[in-house]
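The structure under discussion appears below in the form of structure tokens.
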Amino acid sequence: MRVVSASVLMVLLAATLAAAAPKKQGSDYKPLPSVKKNINGRAVEVCTTPECTLSAAAIIEALDLTVDPCDDFYQFACGGWAAKNPVPDSSSSWSQFSVLDDQLSNAISKILVEPVDVQEPAPINQAKWLYAQCIDEAAIESAGTTPLTDILAENGGWPMASGSWVSALFNWEFTVAYGRRDYGYSTLLDVWVFADEKSTSETALYLDQTSLGMPRSVLTDQSNYEERFQAYKTYIKTTAQIIAADLGETVDEAALDQQVEDLVAFEVELAAITTPSEDRRDIERMYNPMTIADLDGLMTGFTVSWLSVLNFMFANVGITLESSSRIIVQEIEYIQKLGDLLAVTDQRVVANYLLWRFVKDLGDDTNAAMRDASFQYNKVASGVSVQRSRTDVCADETNSLMGMAVGYKYVAQYFSAQAKNESNYLVEDLRTAFKDLLTVNEWMDDETKPLALEKADAINKFIGYPDWYEEPNGLEDYYVLLTGITASSSHFENIKAARLWWSSTELDDLGAPTDKQQWFMSPTTVNAYYEPEFNSITFPAGILQPVFYRANTLQAINYGAIGQVMGHEITHGFDDQGSQYDKDGNAIPWWSNATQQAFKEKAQCVIDQYESYTVPEIDYLLPGAHVNGINTQGENIADNGGLREAYLAYQLYVQDHGVEPLLPGLEQFSPNQIFFLSNANVWCTSITDEGLLNQILVDPHSPHQFRVIGPMSNMAEFSSEFQCPLGSKMNPANKCIVW
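Quick note: the sequence shown uses my numbering, first residue 248, plus one each step.
As structure tokens, this is what we get:
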């Protein structure tokens with residue numbers, strides 16, 4: 248394996264690059280300190296910073312040098328990592344993301360056990376109380392299931408946990424509306440407020456199909472998931488028995504078994520009338536504005552008091568809807584079929600299902616018996632064998648419910664100005680690289696290309712944390728509707744208060760102008776995202792940490808890791824879904840017919856490529872298991888485009904600043920090769936068979952190994968750097984390139 252400096256991509260763009268002034272990465276750029284070494288008779292510069300040593304160690308730990316990189320680059324780059332990092336017993340997978348999540352969880356726990364300080368913004372103290380009462384297992388055990396059974400009683404009681412259920416006390420419309428209003432649930436119906444996709448400066452009310460208790464692909468294929476179905480039924484039955492015992496109710500076991508069967512059968516029917524995710528990628532199909540009065544005509548043979556249901560949902564925020572109020576229905580056929588299903592379903596079954604969804608969601612916030620019932624199901628569904636520690640659970644739950652408050656403290660203690668500034672430069676370098684690739688793109692016509700360049704320029708970036716963190720009272724204003732979390736409130740009361748706040752805050756946006764500066768992830772998140780309605784990309788502080796970003800190391804490391812993530816998010820603006828939105832985030836067609844057709848052909852190549860990736864190790868769980876090429880196409884297009892953009896951006900960086908030194912202990916690898924190793928290192932993962940199955944079933948991302956193999960096998964530059972012969976597994980003759 249020898250270093251090859253020629254870049255096919257650079258040759259392709261030579262004219263473009265020669266005409267453009269290179270981007271500078273900050274006026275304070277300084278070359279990394281290095282020393283000259285003689286390696287196999289070759290004089291080389293080797294980086295000497297501690298951070299370079301750490302970067303090298305991360306790659307060395309992960310390598311499996313017994314594997315030919317041209318045969319399986321994922322195994323070459325990550326085989327050693329998987330061997331040294333088995334899946335913890337309490338998890339279904341362990342990855343570089345998991346490592347960072349674990350570090351984040353520990354940091355959050357340290358923040359939240361600090362004494363309450365009245366000088367700090369009130370939401371920080373509320374987060375500390377939420378955490379403190381979450382880890383107080385004695386108090387939670389003492390409360391038992393009573394907080395949950397109170398909710399069930401408020402909704403007419405859970406029939407399967409009661410020997411004397413009265414149908415007249417149950418109203419499914421009330422229960423659905425109550426769940427959405429106070430907890431943000433989407434059971435039977437999903438209602439939310441967000442930017443109007445056709446006019447994103449304004450907010451709109453949306454109605455969509457239900458969420459489900461198990462993945463749709465499982466519920467609609469019972470023959471392949473008998474063990475999981477049985478575990479699910481046992482889960483339902485066990486929780487019903489626990490609650491019945493706590494209520495002092497006597498329930499006939501045979502009758503209970505039948506009610507469980509009826510409940511699951513209803514959910515199977517419910518799943519069957521939902522639209523699969525493969526068919527939910529066309530924004531135009533799912534944009535059906537109408538009045539609330541028009542909803543009455545969607546169901547035949549079944550009447551729903553739509554205006555009453557929706558007004559009940561909005562009661563806490565003081566918004567009153569009218570029959571003429573506008574609502575956007577995403578799945579018209581689902582609403583129609585839901586009416587047909589409810590018309591022929593016994594009310595006891597509907598009540599059992601709706602109340603089960605409360606139990607399933609809130610049971611873990613009650614006593615140990617309920618948590619164990621959930622755990623026994625997850626052993627089958629996810630492959631875990633040990634429950635997570637209470638500190639980890641509570642850190643994650645507090646972060647999930649009050650992430651902006653937690654993030655406020657985290658950023659102050661763990662996120663540097665240098666990381667924010669350098670990330671800003673990196674994003675701009677990736678934007679430049681994307682535009683350069685767009686400029687030489689041959690399938691997009693001259694009518695569409697200028698509009699695409701405008702959209703790329705218009706992408707708004709958010710890095711680290713929201714700007715309002717730096718405003719006086721910014722945190723208090725964000726949590727202005729949050730009440731009920733105090734030093735003396737119980738854990739369950741805190742959960743209710745936080746969920747009510749979240750639900751009310753979202754619903755309260757109806758009628759207000761869209762805030763396109765808002766964040767949908769807290770800074771304490773190890774992830775990033777593109778928001779098509781806002782045409783924005785967000786990189787929280789949580790992901791701007793090693794191994795994704797590291798200061799004072801080779802930029803080959805950073806461009807290969809966080810740079811590819813940044814390119815990935817930019818590319819989402821131009822994948823099969825993001826391309827349906829213009830530069831202002833409006834779902835208005837802006838591609839010519841010729842460009843749309845050319846894109847579909849390019850995207851189909853990606854779909855077919857990934858559809859061919861099989862996972863034979865889980866054939867015993869799902870015969871013929873393979874990647875869903877349609878479901879994953881957006882993420883795969885973004886993975887491929889992101890890697891190409893990051894590689895080009897790194898070449899621009901080198902053109903500007905010169906060739907980088909080598910990494911200590913990895914002197915046999917050129918900086919360009921380190922770029923690819925750094926990228927692969929990000930995706931190193933260990934996973935249970937059940938975890939891999941779940942990923943195949945529901946995750947829009949491809950399994951980890953294909954996030955390396957797919958993009959790199961499509962890049963001639965990769966094959967050039969690693970001297971992979973044409974026709975080898977990592978250098979196929981047919982390559983899929985969209986961006």
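Ideal placement from N, C-alpha and C gives every residue a C-beta, glycine not left out.
Report task. Please go through the same chain and pick out, in chain order, the residues whose beta-carbon is closer than 6 Å to the beta-carbon of GLN577, but skip the five residues on each side of it. Result -> Cβ within range, chain order: ASP455, MET533.
Report task. Would you please state the rounded distance, in angstroms, between the beta carbons of MET813 and VAL674? I believe it to be under 8 Å. Result -> In this structure MET813 is in contact with VAL674, their Cβ atoms being roughly 5 Å apart against a cut-off of 8 Å.
Query raised in the report: Would you report the Cα separation of ASP349 and ILE539, rounded to the nearest angstrom?
Result: Straight-line measurement puts the Cα of ILE539 at about 46 Å from the Cα of ASP349.
Query raised in the report: For PHE821, does the three-state DSSP call read helix, strand or coil?
Result: DSSP, reduced to helix, strand and coil, places PHE821 outside both helices and strands of the structure shown, so it counts as coil.
Query raised in the report: Where do the N-terminal and C-terminal ends of the alpha helix (DSSP H) with MET537 fall, by residue?
Result: First-last for MET537: 535-538, but that is the beta strand (DSSP E), not the alpha helix (DSSP H).
Query raised in the report: Residues in its own chain within less than 6 Å of SER750 by CB, not counting five upstream and five downstream?
Result: If we look at SER750 and ignore the five residues flanking it on each side, its Cβ neighbours are GLY431.
Requested in this report: Keeping to the same chain, check which residues put their C-beta closer than 8 Å to that of VAL255; ignore five residues upstream and five downstream.
Outcome: For VAL255, the pLDDT reaches just 39, beneath the cut-off of 50, and the residue's location in the model is therefore unreliable, although a value from the coordinates is still provided. The beta carbon of VAL255 sits closer than 8 Å to the beta carbons of ALA963, GLU964, SER967 from its chain, once the five residues preceding and following it are set aside; these are given in chain order.
Query raised in the report: Closest by CA to LEU517, which one among PHE709, LEU589, ASN878?
Result: Looking only at PHE709, LEU589, ASN878, the smallest Cα-Cα distance to LEU517 is reached by LEU589.
**Report entry** Range covered by the beta strand (DSSP E) that runs through ASN285
**Finding:** Start and end: 281-286.
Query raised in the report: Would you call the region 775-793 and the region 818-827 touching, i.e. three or more CB-CB distances under 8 Å?
Result: Enough Cβ pairs lie closer than 8 Å, so yes.
Report task. Could you work out which residue in ILE742, LYS277, TRP690, ALA808 is closest to TRP376 when comparing CA atoms only? Result -> Closest by alpha carbon: ILE742.
Query - Check whether SER337 and VAL631 have beta carbons under 8 Å apart - result: In this structure, VAL631 lies closer than 8 Å to SER337 by Cβ.
Report task. Name the one or two DSSP bridge partners that PHE786 has. Result -> Partner residues in the beta bridge of PHE786, as assigned by DSSP, are ILE710.
Requested in this report: Return the chain-ordered list of same chain residues with a C-beta closer than 6 Å to the C-beta of ASN799, the five sequence neighbours on each side being excluded.
Outcome: THR296, GLU298.
Query raised in the report: Since LEU728 contacts ASP755 with CB under 8 Å, what's their CB separation in whole angstroms?
Result: Contact flag correct, Cβ pair sits at about 7 Å.
Report task. Note down the Cα distance separating VAL365 from ALA379, rounded to an integer number of angstroms. Result -> For the pair VAL365 and ALA379, the Cα-to-Cα distance works out to about 16 Å.
Query - Integer Cβ distance of PHE786 from ALA775, believed to fall under 8 Å - result: Going by Cβ atoms, the distance from PHE786 to ALA775 rounds to 5 Å, so yes, they are a contact pair.
Report task. Starting from ASP437, follow its DSSP beta bridges and name the residues at the other end. Result -> ASP455.
Requested in this report: Pull up the distance between the alpha-carbon of ASP504 and that of ILE732, whole angstroms please.
Outcome: Taking the straight line from one Cα to the other gives about 39 Å.
Query - Stretch-stretch touch, CB-based, cutoff 8 Å, three pairs: the region 654-669 with the region 339-358 - result: Enough Cβ pairs lie closer than 8 Å, so yes.
Requested in this report: With DSSP as the reference, label ASP443 as helix, strand or coil.
Outcome: The answer is strand: DSSP assigns ASP443 an E or B state.
Query raised in the report: Hey, quick one: how far does the alpha helix (DSSP H) through VAL596 stretch, first residue to last?
Result: Element bounds for VAL596: 594-609.
Report task. Along the beta strand (DSSP E) that carries CYS317, what are the first and last residues, could you check? Result -> Judged by DSSP secondary structure, CYS317 falls outside any beta strand (DSSP E); it is assigned neither H nor E.
Query raised in the report: Which class does GLU816 belong to by DSSP, given the choice of helix, strand or coil?
Result: Correct three-state label for GLU816: helix.
Query raised in the report: In whole angstroms, what separates the C-alpha of TYR897 from that of TYR806?
Result: For TYR897 and TYR806, the distance between alpha carbons rounds to 6 Å.
Query raised in the report: Nearest to ASP587 by CA position, among SER917, ASN668, PRO697, THR547, is which residue?
Result: It is THR547 whose Cα lies nearest to the Cα of ASP587.
Query raised in the report: Ordered along the chain, which non-local residues of its own chain (more than five positions away) have a Cβ less than 7 Å from that of PHE344?
Result: Taking C-beta separations shorter than 7 Å and ignoring five residues to either side along the sequence, the partners of PHE344 in its chain run VAL773, following chain order.
Query raised in the report: Which two residues bound the contiguous alpha helix (DSSP H) that contains THR679?
Result: Per DSSP, THR679 belongs to the alpha helix (DSSP H) from 664-686.
Query raised in the report: Quick check: the region 708-716 against the region 604-618, are there 3 or more CB pairs under 8 Å?
Result: Not touching, per the Cβ criterion.
Query raised in the report: Looking at the structure shown, is HIS948 part of a helix, part of a strand, or coil, going by DSSP?
Result: Correct three-state label for HIS948: coil.
Requested in this report: Reducing DSSP to helix, strand and coil, say where TRP419 ends up.
Outcome: Secondary structure of TRP419 (DSSP, three-state): helix.
Report task. Say whether the region 434-446 touches the region 467-484, bearing in mind that this needs 3 or more beta-carbon pairs closer than 8 Å, one atom from each stretch. Result -> Touching, no.
Report task. Please work out which residues of its chain come closer than 8 Å, Cβ to Cβ, to ALA329, disregarding the five sequence neighbours upstream and downstream, and give them in chain order. Result -> Cβ-Cβ distances below 8 Å link ALA329 to CYS931, THR932, SER933 in the same chain, with the five nearest sequence neighbours on each side left out; the list follows chain order.
Requested in this report: Tell whether a beta-carbon distance below 8 Å holds between GLN952 and TYR321.
Outcome: In this structure, TYR321 lies closer than 8 Å to GLN952 by Cβ.
Query raised in the report: For the beta strand (DSSP E) that contains SER340, what are its first and last residues?
Result: Under the DSSP assignment, SER340 falls in the beta strand (DSSP E) whose first and last residues are 340-342.
**Report entry** Local Cβ density within 10 Å of GLY758, reported as buried at 16 or more and exposed below that
**Finding:** Within a 10 Å sphere around the beta-carbon of GLY758 sit fewer than 16 other beta-carbons, which makes this residue exposed.
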